[in-house]
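Remarks on the structure that follows.
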Amino acid sequence: MGKPESTLDIPLEISDVSGQKIFSVANAPAANTVGELVHEMIGKMNLPRNDAGGAPLTYQARSEREGRHLNASERIGDALQRGDRLTLQPNIDAGLR
Amino acid sequence: MTLAFPCRFAIAIYGEDGACLGVVAARRDWEPAHEWTRFYFQRRGRLSLDGNGSASSVIPLWDRTLGEPYCRGYRIQIETPDGMPPVASDFPNTHFREFAAELASRFVAQRKLRAGELYSYALVAYPAPPEVAKAGGLSVTNASPGLPARDASLADLLARATPSGVIDIDDMPVFVSPRVLDEASELTRAEQGTETGGILIGTLGRDTMAGDVFAEITAQIPAEHTSGSQVKLTFTPQTWAAADAALRLRKRGEIYLGYWHSHPVRAWCKTRACTLEAQKTCHLAKDFFSPDDEAVMRAAFPRAYSVAIVANDTAFTDLTFSMFGNREGITQPRGFYVLEETIHGA
């Protein structure tokens, strides 16, 4: 029998680029990936999912404590600690379109 | 705060003969109108500067002749925490013009509408079914800070400022350090033919006399880790991280107020072999802000006080600057003030 998955929830604080839109998350599941967290928070924070042409926008979560961008495949329980603050930072074009 | 929708909105498209060709659920980014409404009433003292979490809803405004379900527009309504009547702003049906045009193109492709046929559209709304709470999911609360405005004197800034562009007295006054524009000019010229840009930082002030809110752009942080081309500037997650580091190092209590980028119009025109006369009347030469440019504002600087500056690099005149901001829920060109250089400038 394998080791059971952790069911611990981790409280986090998540900000947009401007730092003026901040949401507290009470229960980020430790077993989920950072990518899943980012995907859900984009909706909760009402950040755009697509660029002007309809192509999906990519956001990376930056951990303030570690000073690095987290990989989308990292598990929340491995990468984050209680009370960590993440900033969602998009890859986005200004342009002629 | 999440917007509540007691009704669902849809767009009905009509052909030249008045026949309804179809009704499609309306697609709209309501956030800019919501942000603008909240900021409008915060500036006028009707909402607290800390009031980011007030319950808000989008309500149909019924057409006065046709009645329900036809709308003459929509209303963003924000509850006030102190039991006072809610505050609200009304928005016209024209907010759906682009979506209607998109639908019309779709109907042409589906042969419901002839190419070139005139069409009209109507905004309609129907009561929304009760929302079913989803089990599981993240439990989140809005912990956004209040409007970080410091007490300051608007008159003092106006006394040492020169207006640039068309000043609309309903817009939040924005003051720009001349050093910001000088640096943007230098960077634009250095990158001739390639888009470049930076992050605008500064402070918000609340006038101690009138109570209105204004912004002072004190500096720009050159955007690092970007990739630029003649028609595009890509901001990467590393760009924002570098800007964060620079902002913290300054330790001046500044916040992000938006971004600037260059439009190398002379290079665009050279590629298209436009005549100098054509360039002078080209809509790209001044006050042009593309949907892509707007998307950066929406993703990175969604608050209604945020602004963008475009450095227009044309062949027929010196470098000029255009400013854009959220007015009535739509990004529009706006005027600003350039401050006199001070010895203690940022």
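Residue numbers (our numbering), protein chains in the order written: chain A, 1 to 97; chain B, 98 to 443. Idealized CB from N, CA, C, for every residue including glycine.
I'd like to know whether the C-beta of S6(A) is nearer than 8 Å to at least one C-beta of chain B.
Confidence is the limiting factor: at S6(A) the pLDDT is only 49, short of 50, which leaves the residue's position unreliable, though a coordinate-based value still follows. By this cut-off, S6(A) is not an interface position.
Contact criterion: CB-CB distance below 8 Å. Does P388(B) meet it with respect to chain A?
yes
In terms of DSSP beta bridges, what is T162(B) paired with?
Answer by DSSP bridge pairing: none, since T162(B) is not bridged.
Tell me where the alpha helix (DSSP H) around F204(B) begins and ends.
R194 to A206
For G35(A), return the contacting residues in chain B, with the cut-off set at a CB-CB distance below 9 Å.
Going along chain B, no residue has its Cβ under 9 Å from G35(A), so there is no contact; the nearest lies around 14 Å.
Looking at G294(B): is its Cβ nearer than 8 Å to the Cβ of L210(B)?
no
What does DSSP give as the partner residues of F272(B) in its beta bridges?
E313(B) and Y434(B)
Cα separation between D16(A) and R286(B)?
31 Å
Is there a Cβ of chain A sitting closer than 8 Å to that of V393(B), yes or no?
yes
Looking only at DSSP bridge pairs, what is M306(B) linked to?
The partner list for M306(B) (beta bridge, DSSP) is empty, contrary to what the question assumes.
Jot down the residue ranges of each uninterrupted beta strand (DSSP E) in the region 58-84 of chain A, minimum 3 residues, whole runs only, in chain order.
58-63
Between P399(B) and chain D, is any beta-carbon pair separated by less than 8 Å?
Absence of chain D from the displayed structure is noted, the protein chains being A and B.
Neighbour flag for G77(A) against chain B, beta carbons, 8 Å:
no
Given this structure, state the Cα-to-Cα distance separating E165(B) from A408(B), to the nearest angstrom.
46 Å
So, for E132(B): in the same chain, excluding its five sequence neighbours on each side, which residues have a beta-carbon less than 7 Å away from its beta-carbon?
P399, R400, A401 and N423
Distance between beta carbons of E292(B) and A94(A), contact taken as under 8 Å:
7 Å
Any heavy atom of the ligand GTP closer than 7 Å to the Cβ of I318(B)?
Only the bare structure without any ligand can be found here, which leaves the ligand GTP out of the picture.
C366(B) lies in the beta strand (DSSP E); which residues open and close that run?
First-last for C366(B): V362 to R369, but that is the alpha helix (DSSP H), not the beta strand (DSSP E).
What's the call for H192(B), buried or exposed, on a 16-neighbour Cβ count within 10 Å?
buried
Assign P189(B) to one of three DSSP states: helix, strand, or coil.
strand
Along the alpha helix (DSSP H) that carries I42(A), what are the first and last residues, could you check?
V34 to K44
F413(B), buried or exposed, once every other Cβ within 10 Å from all chains shown has been counted against 16
exposed
Kindly list the residues whose CB is nearer than 6 Å to the CB of Q429(B), restricted to its own chain and excluding five residues on each side of it in sequence; keep chain order.
none
Please tell me whether R97(A) has its Cβ less than 8 Å away from any Cβ of chain B.
yes
Is it right to say R395(B) is buried, meaning 16 or more other beta carbons lie within 10 angstroms of its own, or is it exposed?
buried
Closest Cα partner of P157(B) within the set F136(B), Y137(B) and P189(B):
P189(B)
Can you list, in chain order, the residues of its chain whose CB lies under 7 Å from that of R363(B), leaving out five sequence neighbours each side?
D410, T411 and A412
Chain-ordered chain B contacts of V38(A) [CB-CB under 8 Å]:
Simply none; closest approach about 11 Å.
Presumed contact (8 Å Cβ cut-off) between Y434(B) and V271(B), rounded CB distance
7 Å
Which residues of the region 228-239 of chain B have a Cβ closer than 8 Å to any Cβ of chain A? Give them in chain order.
G234, L235, S236, V237, T238 and N239
With contact counted as at least three CB pairs below 8 Å, one residue from each stretch, are the region 218-225 of chain B and the region 104-124 of chain B in contact?
yes
For A225(B), collect the residues of the same chain with a Cβ closer than 7 Å to its Cβ; drop the 5 residues on either side in sequence, then sort them by chain order.
F102, P103, C104 and R105
Terminal residues of the continuous beta strand (DSSP E) containing V263(B)?
V263(B) -> no beta strand (DSSP E), and no H or E assigned at all.
Take L251(B) and list the residues in its own chain whose beta-carbon comes closer than 6 Å to its own, dropping the five residues that flank it on each side.
D304 and F311
For F106(B), write down the residues that DSSP places opposite it in a beta bridge.
A222(B)
CA-CA distance, A232(B) and G77(A)?
22 Å
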